[in-house]
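Numbered according to my numbering, the sequence shown spans residues 2 to 198.
Don't be surprised by glycine CBs; every beta carbon is placed ideally from N, CA and C.
Comments concern the structure below.
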Amino acid sequence: MKIIFAGTPEFAATALAAVIAAGHEVVAVLTQPDRPAGRGLQLQESPVKRLARANHIPVLQPQSLHLQSKDLNRLEEAKHTLAALDRMDFEVMVVVAYGLILPEALLQLSKRSGRRGCFNIHASLLPRWRGAAPIQRAIEAGDTKTGVAIMEMEPGLDTGPVLIDEAIWIANNETAQSLHDRLAYLGGELIVKALKL
């Protein structure tokens with residue numbers, strides 16, 4: 002299947018690796034722009050960008066995708082990026098921890114011409130812990146289980162129909178990092194299953 006993948010951190014890179022390993026063709030990757038990090042504040046590529054470059058996948062790093070931006074440079078960049086994405090030959094867009102809210106225009110173009118839309122990997126059992134930081138929120142709340150949901154994206158925040166999900170138990174001594182790693186791996190497994198639906 003031909004896929005556009007949007008994601009930024011290590012959690013997303015785990016899913017991208019699973020999609021590549023399953024034999025899907027990733028035609029492009031959207032990820033956050035390189036950011037200064039570390040002691041010297043050197044520009045750092047995101048984990049998703051590093052993996053995409055290692056696999057010779059084209060990378061797009063727009064500052065914004067919103068067509069309502071008052072910044073004319075960002076507005077032009079958003080128009081250019083959306084037009085470029087619309088010209089690409091893809092069947093579905095996979096989104097995980099991208100870091101920007103996707104505009105409705107992108108959700109609409111992902112459903113044009115027989116495309117299947119945008120599938121989001123979310124690190125909770127929706128509707129619990131919609132939005133940001135679901136892993137930390139589950140631990141802070143003392144939840145005994147959580148999981149991953151693959152959902153079809155709609156304009157609302159994590160409100161689309163769930164295509165597939167799976168629960169896991171949270172251990173008493175679970176840290177945010179250990180839970181993150183287990184959920185990232187599960188997200189990769191589930192997106193590969195969801196792409197077969």
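Output the boundary residues of the alpha helix (DSSP H) element that contains residue i.
i      : result
PRO48  : 48-55
ILE192 : 177-195
For residue i and residue j, I'd like the C-alpha separation in whole angstroms.
i      : j      : result
MET2   : ALA195 : 12 Å
ALA22  : MET94  : 17 Å
THR145 : HIS25  : 34 Å
LYS80  : GLN62  : 13 Å
VAL27  : ALA18  : 10 Å
ALA7   : ALA172 : 30 Å
PHE91  : LEU83  : 13 Å
ARG31  : ALA134 : In the sequence as displayed, the identity of residue 31 is Leu instead of Arg. Taking the straight line joining both Cα atoms gives about 21 Å.
PRO37  : ALA53  : 20 Å
ALA106 : ALA168 : 32 Å
ASN174 : LEU187 : 19 Å
ARG138 : THR176 : 12 Å
LEU110 : GLU155 : 12 Å
GLN178 : GLY118 : 31 Å
ALA55  : LEU101 : 24 Å
Since I believe residue j is in contact with residue i (beta carbons under 8 Å), could you give me their beta-carbon distance rounded to a whole number of angstroms?
i      : j      : result
SER125 : ALA142 : Not really, about 11 Å apart at Cβ, beyond 8 Å.
ASP159 : HIS123 : 6 Å
ASP166 : GLY189 : Between GLY189 and ASP166 the Cβ distance is about 14 Å, and since that is not below 8 Å, they are no contact.
ALA16  : PRO48  : No, ALA16 and PRO48 are not in contact; Cβ-Cβ is about 11 Å, not under 8 Å.
VAL96  : LEU103 : 7 Å
LEU76  : LEU68  : 7 Å
LEU86  : ILE5   : 6 Å
What is the DSSP secondary structure of residue i, reduced to helix, strand or coil?
i     : result
ILE21 : helix
ALA16 : helix
Taking residue i as part of the beta strand (DSSP E), name the residues at either end of that continuous run.
i      : result
LEU31  : 26-31
THR147 : 146-153
ILE169 : 163-170
ILE5   : 3-8
ALA142 : No beta strand (DSSP E) holds ALA142; DSSP gives it neither H nor E.
GLN45  : 43-45
ARG36  : 36-38
* Starting from the N-terminal side, write out each stretch of the alpha helix (DSSP H) that is 4 residues or longer and does not extend beyond the segment 71-139. => 73-88, 105-110
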